[in-house]
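> As given, the protein sequences belong to chains A and B, one line each in that order. Just so we're aligned, residue 1 is where the first sequence starts under the working numbering, counting upward by one. Just so we're aligned, residue 1001 is where the second sequence starts under the working numbering, counting upward by one.
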Amino acid sequence: MAKTARVITITSGKGGVGKTTATANISAALAALGNKVVCIDADIGLRNLDVVLGLENRIVYDLVDVVEGRCKLRQAMIRDKRLEDLYLIPAAQTRDKNAVSPKDMIRICDELRKEYDFIIIDSPAGIERGFKNAIAPADEIVIVTNPEVSAVRDADRIIGIVEADQKGPAKLVINRINMEMVERGDMLAVADVLELLAVELIGIVPEDQAVLVSTNRGAPIALEPKSKTGQAFRDVARRLAGEEVAFSTANGGGNFFGRISKLIRPKAGS
Amino acid sequence: MPEVAFKGIREGLLVSLGDGDWPSLEQTLYEEVGKQGTFLKGAKLILDVDAHSINAASMGRLRDQLADQGLALWAVLSRSPLTEQSAQLMGIATRIHEPDPDPEQSDDEVEYVEEPSEHLALTDVGMMIKRTLRSGANISHNGHVTIIGDVNPGAQIIAGGNVVVWGRLRGLVHAGAEGDDNAVVCAIDLSPTQLRIAGHIAVPPTEREQNGPEVAFVRDGQVVAEAWTNQNST
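#1: Measuring only the C-alpha atoms, how far is A1072 of chain B from G130 of chain A?
#2: When you compare only the Cα positions, how much space is there between F1039 of chain B and V1033 of chain B?
#3: Over the uninterrupted alpha helix (DSSP H) stretch that includes N133 of chain A, give me the two end residues.
#4: Under 8 Å Cβ to Cβ from D80 of chain A, same chain only, skipping five residues before and after it: list those, please.
#5: CA-CA distance, R1063 of chain B and P1081 of chain B?
#6: Under 9 Å between C-beta atoms, does E140 of chain A make it to chain B?
#7: CA-CA distance, C39 of chain A and I119 of chain A?
#8: Where G1193 of chain B and S1024 of chain B are concerned, what is the direct C-alpha to C-alpha distance, given to the nearest angstrom?
#9: Hey, D156 of chain A and L188 of chain A are a contact pair by Cβ (cut 8 Å); roughly how many whole angstroms apart?
#10: Would you say V7 of chain A faces chain B, with C-beta separation under 9 Å as the test?
#11: CA-CA distance, S1191 of chain B and L112 of chain A?
#12: When the Cα atoms are used, what is the spatial distance from G1212 of chain B to E195 of chain A?
#13: Taking three-plus beta-carbon pairs below 8 Å as touching, is the region 1145-1155 of chain B in contact with the region 1165-1178 of chain B?
#14: Quick check on M1090 of chain B - is its C-beta less than 9 Å from some C-beta in chain A?
#15: State yes or no: is the beta carbon of P1192 of chain B nearer than 9 Å to at least one beta carbon in chain A?
#16: Quick check on the DSSP output: the beta strand (DSSP E) that includes I1046 of chain B runs from which residue to which?
#17: Give me the subset of the region 1145-1165 of chain B whose CB atoms are less than 7 Å from a CB atom of chain A, sorted by chain position.
#18: Would you mind reading off the limits of the alpha helix (DSSP H) that contains A1057 of chain B?
#19: Chain A beta carbons: is any one of them nearer than 9 Å to that of A1056 of chain B?
#20: Using Cβ-Cβ distances below 7 Å, what residues of the region 167-179 of chain A are close to chain B?
#21: In the region 1061-1095 of chain B, which residues sit with their C-beta less than 9 Å from some C-beta in chain A, listed in chain order?
#22: Alpha helix (DSSP H) containing K103 of chain A: first to last residue?
#23: Just list the residues that DSSP pairs D62 of chain A with in beta bridges.
#24: Would A241 of chain A and L33 of chain A be called neighbours here (beta carbons separated by less than 9 Å)?
#25: What whole-angstrom Cβ distance do D1068 of chain B and L1014 of chain B have, given they're in contact under 8 Å?
#26: Using a Cβ-Cβ distance under 9 Å, would G1212 of chain B count as near chain A?
#27: Rounding to the nearest angstrom, what Cα-Cα distance links D165 of chain A and L212 of chain A in this structure?
#28: Residues of chain A with CB under 8 Å from A1202 of chain B, in chain order?
#29: Give the residues of chain B in contact with S101 of chain A, contact being defined as C-beta atoms less than 8 Å apart.
#30: Return the residue from the list A:A210, A:D192 and A:I143 that minimises the CA-CA distance to V173 of chain A.
#31: So, do the region 64-76 of chain A and the region 13-22 of chain A have three or more beta carbon pairs nearer to each other than 8 Å?
#32: My output table needs one value for N1138 of chain B: the three-state DSSP class, helix, strand or coil.
#33: Using a Cβ cut-off of 7 Å, pull out every chain A residue sitting near G1136 of chain B, in sequence order please.
#34: If you draw a straight line from the C-alpha of M77 of chain A to the C-alpha of Q231 of chain A, how long is it?
#35: Nearest by alpha-carbon distance to D122 of chain A: which of A:V190, A:I106 and A:A134 is it?
#36: Can you tell me whether I26 of chain A is helix, strand or coil according to DSSP?
Written out as structure tokens, the structure reads:
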């Protein structure tokens, strides 16, 4: 059966907010839900999606090899070792962003569209060539931000650029929220971020040291059934897939650090 | 006049486009640029499109195509408000310095010097923008500016006249930028990062006690903000 994949680019503007972690986890969670997923690392020269997915040692060909015709698209696609419907197209480590053009990205995604459900693109930080490559083929944009002023400012800028490129309204994932700090007033709350950015929220991911551990091990936390953070990423994937999933606390940003009894659960589908 | 004319000016390479329909003109531009080969590589391009209306998507394509040829689209000059808005959305300048600029102005980070043309010499015209200005958006207009939407931190508005924001104003606003002390700035929620009226600069307090619409103006050489009440309407 012919499919028509949705191309979703994950971007942030600011570096270090968790784009690659989010890409790996959302892709893994979508694949675990039974979707055929390809993720593409568009961060040429600074690849690391392969590391986060634990696939680094399997790379033979990369995105630049495909673009420059040294291999077929199929040959550059690495199948995940845990999920059989998850593939990675890694970035080249030895080249720079100018080795790929926005047209190349559109061509590659069009080739993949027929056979997959989701194509998830990990964008580099910044708003230059690499970012333009990453958003050129996108049908939808997911912005990852942290609850801090500089990350939100950059997210705002990116949303403006995406709107100008007529890529439809961006969706937002707030990563690394620490409810204790929010309560102390040391961190922006979800409401503050949403008030400024005014886009659809599709995920609130708590700050969790386990993410670092799973990243180092190359095993996405979204595949750990008991992890609350993993659950947060699985919820993002389900929302992207079109399900109505309630946020686990009323005003967003669950306190996953012990005071579960205080949580107020809104009704599903509200 | 040829359809596409090149001219080197102090700020970069000025390319003037003549009449004709836009798609073919755009094509001619790419061809002309292509013919010059590597000669133009790295040039800062100022594109004068006169009255042509270019939407944001076309503007983006234009910028990308030129970038592929090694040209940076730095400024777009146009009489069309749509073209100006598209350019500003993309962060492309819509004004360049006059050929012989006032040396005192060179330290100003905001390039707001009008072209010496009659169509921009109107002082009582307005510009209406019906969307939220996000970080990086840069609107400069020599008349009044009205925004229906928010002005987020990192966005800036430079206006020759008054600025009205039907929403939250949190970015930078300069009203009366050409020296008009009588200019005002009004917003439903007036909490800009910085507010300038003519030559006066004010940094509002971070904690605002006032809620509700306010108007800022110059009184005795100081920028002051007052609640918008019926008294103001006189």
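Quick reminder that beta carbons are idealized off the backbone N, C-alpha and C, glycines included. Nothing here was measured: the structure is a model prediction, and the numbers come from that model.
With the structure as the only source:
#1: Here residue 1072 of chain B corresponds to residue number 72 of the second sequence, with the count starting at 1. Here residue 130 of chain A corresponds to residue number 130 of the first sequence, with the count starting at 1. Answer to the nearest angstrom: the Cα atoms are 16 Å apart.
#2: For this step, residue 1039 of chain B is matched to residue 39 along the second sequence. For this step, residue 1033 of chain B is matched to residue 33 along the second sequence. Looking at the two C-alpha atoms, the distance is approximately 9 Å.
#3: Your numbering for residue 133 of chain A matches position 133 in the first sequence. Residues R129 to I135.
#4: Within the first sequence, numbered from 1, the residue matching residue 80 of chain A stands at position 80. These residues qualify, in order along the chain: A28, A31, L53, L55, L86, Y87 and L88.
#5: Looking up residue 1063 of chain B in the second sequence gives position 63. Looking up residue 1081 of chain B in the second sequence gives position 81. If you take the alpha carbons of R1063 of chain B and P1081 of chain B, they lie about 18 Å apart.
#6: Residue numbering aside, residue 140 of chain A sits at position 140 when the first sequence is read from its first letter. It does not: the Cβ of E140 of chain A has no partner Cβ on chain B nearer than 9 Å.
#7: The count along the first sequence starts at 1 and reaches residue 39 of chain A at position 39. The count along the first sequence starts at 1 and reaches residue 119 of chain A at position 119. Roughly 6 Å between the two C-alpha positions.
#8: Here residue 1193 of chain B refers to the residue found at position 193 when the second sequence is read from its first residue. Here residue 1024 of chain B refers to the residue found at position 24 when the second sequence is read from its first residue. According to the sequence displayed, residue 1193 of chain B carries Thr and not Gly. Cα-Cα distance, rounded: 44 Å.
#9: In the first sequence, residue 156 of chain A corresponds to position 156, counting from 1. In the first sequence, residue 188 of chain A corresponds to position 188, counting from 1. That belief does not hold up - the Cβ atoms of D156 of chain A and L188 of chain A are roughly 13 Å apart, past 8 Å.
#10: Translated into the one-based positions of the first sequence, residue 7 of chain A becomes position 7. Cβ-Cβ to chain B under 9 Å: no for V7 of chain A.
#11: The residue given as residue 1191 of chain B occupies position 191 in the second sequence. The residue given as residue 112 of chain A occupies position 112 in the first sequence. If I take the Cα positions, the gap works out to 48 Å.
#12: The residue labelled residue 1212 of chain B in the question sits at position 212 within the second sequence. The residue labelled residue 195 of chain A in the question sits at position 195 within the first sequence. Cα to Cα, G1212 of chain B sits roughly 17 Å from E195 of chain A.
#13: yes
#14: The residue labelled residue 1090 of chain B in the question sits at position 90 within the second sequence. For M1090 of chain B, the answer is yes, since a Cβ of chain A falls inside 9 Å of its Cβ.
#15: Against the second sequence, residue 1192 of chain B aligns to sequence position 192. No, no contact with chain A.
#16: What you label residue 1046 of chain B is simply residue 46 of the second sequence in a count that begins at 1. Element bounds for I1046 of chain B: K1044 to D1050.
#17: N1152, P1153 and G1154
#18: What you label residue 1057 of chain B is simply residue 57 of the second sequence in a count that begins at 1. Its alpha helix (DSSP H) spans residues A1056 to D1068.
#19: What you label residue 1056 of chain B is simply residue 56 of the second sequence in a count that begins at 1. So yes, A1056 of chain B belongs to the interface.
#20: none
#21: D1064, A1067, D1068, S1086, L1089, M1090 and G1091
#22: Within the first sequence, residue 103 of chain A is the residue found at index 103, counting from 1. Element bounds for K103 of chain A: P102 to R113.
#23: In the first sequence, residue 62 of chain A corresponds to position 62, counting from 1. According to DSSP, D62 of chain A bridges with nothing at all.
#24: Translated into positions along the first sequence, residue 241 of chain A becomes position 241. Translated into positions along the first sequence, residue 33 of chain A becomes position 33. A contact, by the Cβ cut-off of 9 Å.
#25: Looking up residue 1068 of chain B in the second sequence gives position 68. Looking up residue 1014 of chain B in the second sequence gives position 14. That pair is no contact at about 21 Å.
#26: On the second sequence, position 212 is the one that residue 1212 of chain B refers to. Output row for G1212 of chain B: interface = no.
#27: As a working mapping, residue 165 of chain A is identified with position 165 in the first sequence. As a working mapping, residue 212 of chain A is identified with position 212 in the first sequence. Taking the straight line from one Cα to the other gives about 34 Å.
#28: Counted from its first residue, the second sequence places residue 1202 of chain B at position 202. What A1202 of chain B touches in chain A: nothing, since even the nearest Cβ is about 21 Å away.
#29: Residue mapping note: residue 101 of chain A aligns to position 101 of the first sequence, counting from 1. Simply D1068.
#30: Stepping through the first sequence from its first residue, residue 173 of chain A is reached at position 173. For the residues A:A210, A:D192 and A:I143, the minimum Cα distance to V173 of chain A belongs to A:I143.
#31: no
#32: Here residue 1138 of chain B refers to the residue found at position 138 when the second sequence is read from its first residue. In the structure shown, N1138 of chain B sits in a strand (DSSP, three-state: E or B).
#33: Walking along the second sequence from the start, residue 1136 of chain B turns up at place 136. Chain A residues near G1136 of chain B: R157 and G160.
#34: The sequence position of residue 77 of chain A within the first sequence is 77, counting from 1. The sequence position of residue 231 of chain A within the first sequence is 231, counting from 1. M77 of chain A and Q231 of chain A: Cα-Cα distance of roughly 27 Å.
#35: The residue you call residue 122 of chain A lines up with position 122 of the first sequence. The candidate whose alpha carbon is nearest that of D122 of chain A is A:A134.
#36: Sequence index remark: in the first sequence, residue 26 of chain A carries index 26 (1-based). It is helical.
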